[in-house]
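901 is the number of the first residue of the sequence shown in the numbering used here; add one for each residue after it.
Heads up, the beta-carbon is just placed ideally off N, CA and C, and yes, glycines get one too.
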Amino acid sequence: MAVSQELLAELKETIGSVPCFDDPKMLLAKSRDYYWYSPILKQDLDQCQGQLLVRPETEDDVIAVAAACARLRIPLTLRGGGTCNYGQCVPLEGGVIMEMTKLDRVLEISDGRVVCEAGARIERVEKAVAETGQMLTMFPSTKRFATMGGFLAGGSGGIGSLRHGVLRDDGNVSYVRVVTVEPEPKIVELSGRDIQLVQHAYGTNGIITQMDFKLRPATDWRHSIVLFDGYVSALNAALTAHAEGIDCYLLSVVDRRFSPYYRRLSDHFPKDHDALFAMVAPKDFARFEALVTGHGGVVALDMSHQEITVAHLPPAWECGWNHTTLQALKSEPSVWTYSQVSYPQPFDRSLIPGQMARFGDEVYWHHEIAMMGGQLQVFAIPLVRWSDEARIREINDSFEKIDGCTVFDPHVVTIEDGGMKTIDTSQVDFKRRADPRGLMNPGKTRGWRPEMAE
Ligand SMILES: Cc1cc2nc3c(=O)[nH]c(=O)nc-3n(C[C@H](O)[C@H](O)[C@H](O)COP(=O)(O)OP(=O)(O)OC[C@H]3O[C@@H](n4cnc5c(N)ncnc54)[C@H](O)[C@@H]3O)c2cc1C
901 MAVSQELLAE LKETIGSVPC FDDPKMLLAK SRDYYWYSPI LKQDLDQCQG QLLVRPETED
961 DVIAVAAACA RLRIPLTLRG GGTCNYGQCV PLEGGVIMEM TKLDRVLEIS DGRVVCEAGA
1021 RIERVEKAVA ETGQMLTMFP STKRFATMGG FLAGGSGGIG SLRHGVLRDD GNVSYVRVVT
1081 VEPEPKIVEL SGRDIQLVQH AYGTNGIITQ MDFKLRPATD WRHSIVLFDG YVSALNAALT
1141 AHAEGIDCYL LSVVDRRFSP YYRRLSDHFP KDHDALFAMV APKDFARFEA LVTGHGGVVA
1201 LDMSHQEITV AHLPPAWECG WNHTTLQALK SEPSVWTYSQ VSYPQPFDRS LIPGQMARFG
1261 DEVYWHHEIA MMGGQLQVFA IPLVRWSDEA RIREINDSFE KIDGCTVFDP HVVTIEDGGM
1321 KTIDTSQVDF KRRADPRGLM NPGKTRGWRP EMAE
């Protein structure tokens, strides 16, 4: 479904000085995210493309675009850094792509909280808050390019979730300012639990222009790699370090079979050992080392961020979460895809040897230790050898039916078929207020049907 050139011309005229781009190569690039991790999405989405890119610089620009899209009934897909991987940024029905990255001001930093514009890159916000001796409670491993608003609307958690829970846990984000998509857009301010109305809503129900984020005191984490003779020993060491309250910000357990893909770390992550990538507070490093040694581990690398940068090695946060998948896909793009698995609470570690045995060389393992809802939450982002769609579905089904896990399916485009599983009616109700004509990122939520549009 494409919008007519006449309508697009009228939109351009209406929005006046808001920067617009229609170079085909640029439009193609800005219609992409990391959906190609999934051969299924690659096939489904490669043809989808927006027709006009707009890059607002102020909230007034955003309002002008929102009003014009609503009046002319033009689909509108929002874009931050474009690093999400469920095709969230891919316009399924053409229309306008609004890239938010020029709304990038850090507005206020106080003790424990930063307020910024939604298009600010996460790393930029980090640098600003570092000047006050603070850091974000969490960030995705894509923080160099990802934006604050994109993280809230498309992400779930990341580095730091080990200590501070996931995005939707209380207090990590407690204020969001949203522009509605109507002929006369409104500003809606959400606070407290209400931020969940737009969290992980894929930009389907309002344009986030400002938000806050919780801060914690900055720590000069030690970036460590600990090697183990067995995967389960590495996982047990990570779980024990967490249970004993060792001050860590990241604990990622990575199967030895990933080692050839971690090329820059070939001296520190050999193929005959499984690895625990950790970020550990300097004050607790001696305790950490004693604990991992007690589990049979050997510390193969221990550097500050400054040291690791000088050594041209990747920081630990680029060795876990979905960066594991990226390492493999960079080397062997047509061989691999992946899954995202959430284990039931409380975590039953006896599931792991069975899962490893069930799939052998078809699945390489990687686990993340996190907190969710105040409880230990273990996630896996395993690498899965690509054969065909039926086999991927079979593997994901087995995680759910045999192991009782929940799969955040990265081979589908809707919020519900991915992680949420059910339609969040409160998000749909909010969409009635914030996008009553149903123009935002069409096709990404099953909760909205075309006949619901005003
Ligand atoms: C290698 C790799 C590692 C990753 N690691 C993590 C991780 O650790 N944790 C994690 O949660 N995710 C992770 N992701 C997914 C993604 O990188 C993050 O969620 C990231 O924060 C998305 O930010 P972005 O600015 O790139 O958002 P985009 O990809 O641009 O957008 C994400 C969604 O938000 C919507 N959106 C963007 N801006 C706004 C706005 N202002 N208002 C409303 N909606 C908006 C978009 O329409 C889209 O649906 C990873 C992805 C890759 C490829």
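One or two residues paired with residue i in a DSSP bridge
i, result
"TRP1265", "TRP1265 is not bridged to any residue."
"CYS1219", "Partner(s): none; CYS1219 has no beta bridge."
"ARG1122", "VAL1180"
"MET1272", "GLN1275"
"VAL1313", "Per DSSP, none; premise fails for VAL1313."
"TRP1236", "ARG1285"
"GLU1008", "VAL1015"
"MET998", "VAL954 and LEU978"
"GLU1089", "ARG1077"
"LYS1114", "ARG1013"
"SER1242", "PHE1279 and THR1306"
"PHE1169", "Note: PHE1169 sits in no beta bridge, so no partner."
"GLN1034", "PRO1117"
"MET863", "Because the chain is modelled from 901 through 1354, residue 863 falls outside the range shown and cannot be assessed."
"ARG1068", "Paired residues: none, contrary to the question."
"CYS1148", "VAL1180"
"PHE1128", "ASP1174"
"CYS920", "VAL954"
"VAL1154", "ALA1175 and HIS1266"
Neighbourhood of residue i by C-beta, 7 Å cutoff - its chain only, sequence neighbours within 5 removed
i, result
"ASP1309", "ASN1296, ASP1317 and GLY1318"
"MET1352", "GLY1338"
"GLU1354", "PRO1336 and ARG1337"
"SER1159", "PHE1169, PRO1170 and LYS1171"
"LEU1229", "TYR937 and TRP1236"
"TYR935", "LEU941, LYS942, LEU945, ASN985, TYR986, GLY987 and VAL990"
"LEU907", "LEU972 and ILE974"
"LEU1213", "ARG1164 and LEU1165"
Neighbourhood of residue i by C-beta, 6 Å cutoff - its chain only, sequence neighbours within 5 removed
i, result
"PHE1185", "ARG1122"
"VAL1066", "SER1056, GLY1057 and MET1272"
"MET1320", "none"
"VAL1029", "ILE1009, VAL1014 and LEU1115"
"GLU1262", "ARG1285"
"ASP1120", "SER1204"
"ASP1303", "LEU1251"
"ILE1095", "VAL1073 and VAL1076"
"LYS912", "CYS920"
"GLU957", "LYS1002"
Cβ separation of residue i and residue j, assumed to be a contact under 8 Å, to the nearest whole Å
i, j, result
"ALA1137", "GLY1197", "6 Å"
"PRO991", "SER938", "So it is not a contact: roughly 18 Å between Cβ atoms."
"ILE1252", "LEU1135", "6 Å"
"LEU1097", "SER1326", "6 Å"
"GLY980", "THR1042", "Contact doesn't hold; Cβ gap of about 10 Å is too wide."
"ALA1175", "VAL1154", "5 Å"
"LEU976", "MET1340", "6 Å"
"TYR1075", "ARG1157", "Not confirmed; about 43 Å, so no contact."
"ALA1133", "HIS1195", "In the sequence as presented, Ala is not what sits at residue 1133; that position holds Ser. About 6 Å; that satisfies the 8 Å criterion."
"THR1345", "TYR1102", "7 Å"
"MET1000", "GLY1019", "3 Å"
Cutoff 8 Å; reference residue i; Cβ partners in own chain excluding five residues on either side
i, result
"LEU1191", "ALA1137, THR1140, ALA1141, GLU1144 and ILE1146"
"GLY1343", "LEU992, GLU993, VAL1313 and THR1314"
"LEU927", "PHE921, GLN949, GLY950, GLN951, LEU952, LEU953 and ILE997"
"ILE1292", "ILE940, THR1237, SER1239, VAL1284, TRP1286 and HIS1311"
"GLU1300", "THR1306 and VAL1307"
"SER857", "The chain is shown from 901 up to 1354; residue 857 falls before or after that span and cannot be answered."
"ASN1072", "THR1037, MET1038, HIS1064, GLY1065, VAL1066, PHE1113 and LYS1114"
"THR983", "ASP933, TYR934, PRO1040, THR1042, PHE1045, ALA1046 and GLY1050"
"HIS1266", "SER1152, VAL1153, VAL1154, ASP1155, PHE1158, GLY1220, THR1224, ALA1280, ILE1281, PRO1282 and LEU1283"
Closer than 9 Å to chain C by CB, residue i
i, result
"MET1271", "No chain C appears in this structure, which consists of one protein chain only."
The stretch 1215-1224 touching the stretch 1145-1154, judged by at least three CB pairs closer than 8 Å: yes
Is there contact between the stretch 1070-1085 and the stretch 954-967, where contact requires at least three CB pairs shorter than 8 Å? yes
Are three or more beta carbon pairs between the stretch 1043-1055 and the stretch 1103-1117 nearer than 8 Å? The stretch 1043-1055 is in contact with the stretch 1103-1117.
Spell out a yes or no on whether the stretch 1125-1137 and the stretch 1235-1246 are touching, meaning 3 or more CB-CB pairs, one atom from each, closer than 8 Å. no
Touching or not, the stretch 1167-1184 and the stretch 1014-1025, by the rule of three or more beta carbon pairs under 8 Å? no
With contact counted as at least three CB pairs below 8 Å, one residue from each stretch, are the stretch 1029-1037 and the stretch 946-966 in contact? no
Whether or not the stretch 1111-1120 and the stretch 1154-1173 are in contact is what I'm after, with contact meaning three or more pairs of Cβ atoms, one per stretch, closer than 8 Å; do they touch? no
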